[in-house]
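This report refers to the structure that appears directly beneath it.
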Amino acid sequence: MTAAPEEIDPLALENQVCFALAVAARSVIALYRPLLEPMGLTHPQYLVMLALWGGEPLSVTALSTRLALDPGTLSPLLKRLEAQGYLERRRVPGDERTLAVTLTAAGRALRTEAERIPPAIVERLGMPVEELLRLHGDLGAVIAAAREP
C-alpha cells in the first residue's frame, strides 16, 4: 500500500531526492575505485580522460564546461594528469589566454585499458543495460531541470 502524498513526511531523510542521489553517486563511484587504481587514476581524473578521449584538443574552458566543473577545480586535476604524463597543457599560438589540453601518447594508450571499465561496472551493478540507459536519461533530465533559472 502506498501512502497518499499528503501523508508523506517532506523532511524524512529517506524521501529526499538529494539523499538518494548522493548515496547512489558515492556507491557507484566506489565501484570505479578498484578499476581505476591500477591505472593511477581517481574518478575525477577518469572523467577528464573520458572527455579528452572523446575529442581533443580541448581548451580548459571547453573541458570545464563539458565536465560541469569550475576551472579552479579542474586545474589541479589537469596538473596531476600532466605530472603522470597523460596530457599536456599548452598556450594556443595567437591567443596566449587560451590553454589547450591534449593527450600524450601514454594518455591515448590508456584508453585501451579503460575500455574494460564500463562492462565491468555494468556487470557489478547487475542491472540491464536498458535500465541503466533509462536511468542515465532520467538523471540528464534532473540535471537540466536543476540548471534552469
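Under full-length UniProt numbering, think of the first position of the sequence shown as 1, with each following residue one higher.
Even for Gly, the Cβ is constructed at its ideal location relative to N, Cα and C.
Taking every protein chain shown into account, the CB of M49 has 16 or more other CB atoms within 10 angstroms, so this residue is buried. Taking 8 Å as the upper bound for CB-CB distance, L52 and V101 are in contact here, some 7 Å apart. P93 has its alpha-carbon roughly 43 Å from the corresponding atom of A24.
DSSP places D9 in the coil class of the three-state scheme, outside both helix and strand. Note on geometry: alpha-carbon atoms of S64 and P44 lie some 12 Å from one another. Looking only at L139, A62, T112, T104, the smallest Cα-Cα distance to E88 is reached by T104. Shown here, A100 sits in a strand according to DSSP, grouped into three states. Within the same chain, and ignoring the five residues on either side of L35 in sequence, the residues whose Cβ sits closer than 8 Å to its Cβ are R116, I117, A120, I121. Considered as a whole, the UniProt domain "HTH marR-type" (14 to 144) harbours 17 to 36, 43 to 53, 60 to 67, 71 to 83, 105 to 114, 117 to 125 as its complete alpha helix (DSSP H) runs of no fewer than 4 residues, in chain order. In the assembly as shown, G107 is a buried residue. Its beta-carbon has 16 or more other beta-carbons within 10 Å.
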